[in-house]
Amino acid sequence: METQEGLLVKTVLLQERPMMLSFMLLENGKTMTECIIKDRYLSKYIFRLPNKKYFLQVSGKRNKRNQLVVKHIMIENIDEYIKIIGTPE
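Residues 181 to 269 in the numbering used here are what the sequence shown spells out, letter by letter.
This is the structure we're talking about:
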């Protein structure tokens, strides 16, 4: 499994049915990492987070389009808002 870190820049809902599929973009300095989330729980959690505020560490495998298919998410800069809504684990 590959691990990437970066600032959450953008979230997009690609598909809701039959399987929820969402896209997020992480920025780490000059590199941008495109991530795909298939898990419904992680997708709903990601949409609660405001853009350009939280640093995430994600892990998963790459698909044919070189996008990271996310299996695990960890928030690096936890604040009061995250303590209220909880962490994705």
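The C-beta atom is built at its ideal place from N, Cα and C for all residues, glycine as well.
Since the model is a prediction, treat every value here as computed from it, not as a measurement.
Checklist line | Proximity below 7 Å, CB of Val-189 to CB of Glu-207 | finding: In contact: Val-189 and Glu-207 (Cβ atoms closer than 7 Å).
Checklist line | Minimum C-alpha distance to Gly-209 - residue among Gln-195, Lys-232, Ser-223 | finding: Lys-232
Notebook entry, point to check: For the putative contact between Ile-265 and Arg-228, defined by C-beta atoms under 8 Å, what is the C-beta separation to the nearest angstrom?
Noted result: 6 Å
Check: By Cβ distance, which residues of its chain are closer than 7 Å to Leu-222, with the 5 residues on each side in sequence left out?
Finding: So the list reads Val-250, Ile-253, Pro-268, once near-sequence residues are dropped.
Next item on the list: Provide the residue span of the beta strand (DSSP E) that contains Ile-217, from first to last.
Entry: 211 to 217
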